[in-house]
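First up is the structure itself, then whatever we jot down about it.
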Amino acid sequence: MDKPVVVVLFGGRSSEHSISSATAGGVLGAIDRDRFAVIPVGITRTGAFVLEDDDPGKFALDPAHLPEVVDNGTRILWPEPAGRRSLRVRRADGEIADLGEVDVILPILHGAHGEDGTIQGFFDTLEIPYAGGGVLDSAVCMDKHFMKVALAAAGVPVSPGITVRESEWRADPGVVATRLTEASFPWFVKPARAGSSVGVSKVHGLDELDAAL
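Just so we're aligned, residue 6 is where the sequence shown starts under our numbering, counting upward by one.
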């Protein structure tokens, strides 16, 4: 009996590219090769889908060198038309090679273009199964403001917070600052659509707010 074929997808265009790559290194090292066949697919910072090395050590988290998907000249050719699951790769020399039938995508992506419903919509369009949440729940969960709105509407307690939009801050910082003083210091400032502690600041006074935002 053939093993199920799993595409481990990682990297991506977000600021969390290296964290995604390191996570994928852990997955590549932990997945049971007696049960699953693995195709590692990386997404470069510019959005190119490339066939990566099946080498967990290459993507190990090292404080001196963060792992990254680099453009090796290959290109993943996704199935067409929708409903087919045969994956191909165009190698750096131009040769087209068949990678076989894909059973499921394992998106090991962090941040924008990975956790926000966009890649999920892509695979829904291709009719390729994938692990994790779908388009709607991924999109809502990615945005902290809308997730809190949804949870509060469902009667789930949420921590207090104030959402500041970039357009508001640029138009009149004073008005925004006045609104924010409804909350006592210190404040924690966090991008609404980022994770892995990217962009987090602890603000002790209004003089620190501009740098945090």
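In this text, a Cβ means the ideal position worked out from N, Cα and C, and glycines have one as well.
One alpha carbon belongs to Val154, the other to Val194, and they sit about 18 Å apart. Inclusion of Arg198 and Ala69 in the CB contact set at 8 Å is not warranted, their separation being larger than that value.
Just measuring C-alpha positions, the residue of Gly204, Lys8 and Gly179 sitting nearest Asp212 is Gly179. In the three-state scheme derived from DSSP, where H, G and I count as helix and E and B as strand, Lys207 is classed as strand.
Around Leu104, the same chain offers Ile44, Leu92, Arg93 and Val94 as residues with beta carbons nearer than 7 Å, after the five sequence neighbours per side are excluded. For Ser91, the enclosing beta strand (DSSP E) stretches over residues Ser91 to Arg95. By the 16-neighbour rule on beta-carbons within 10 angstroms, Val205 is exposed. If you ignore the 5 residues before and after Val46, its C-beta comes within less than 8 Å of the C-beta of Val12, Val13, Leu14, Phe15, Phe54, Val55, Leu56, Glu57 and Ile81, all in its own chain and listed in chain order. For Trp83, the three-state secondary structure derived from DSSP is coil. For Val181, the CB contacts under 6 Å within the same chain, skipping 5 residues up- and downstream, are Val169, Glu173 and Trp174 in chain order. Counting only unbroken stretches of 3 or more residues, the beta strand (DSSP E) elements lying wholly within the region 87 to 155 are 91 to 95, 101 to 106 and 109 to 114, in sequence order. The continuous alpha helix (DSSP H) containing Ile24 extends over residues His22 to Ala35.
Ser189 counts as exposed, since fewer than 16 other beta carbons sit within 10 angstroms of its beta carbon. Note: Pro45 is bridge-paired with Val13 in the DSSP secondary-structure output. About 6 Å separates the Cβ atoms of Ala27 and Phe64, confirming a contact at the 8 Å cut-off.
In chain order, Asn77, Gly78 and Thr79 place their CB closer than 8 Å to the CB of Ala97, counting only its own chain and leaving out the 5 sequence neighbours on each side. In the displayed model, Asp212 falls within a helix according to three-state DSSP.
Rounded to whole angstroms, the gap between the alpha carbons of Lys207 and Asp215 is 12 Å. For Ala159, the number of other beta carbons within 10 angstroms of its own is below 16, and it is reported as exposed. Counting the other Cβ atoms within 10 Å of the Cβ of Ile167 gives fewer than 16, which makes it exposed.
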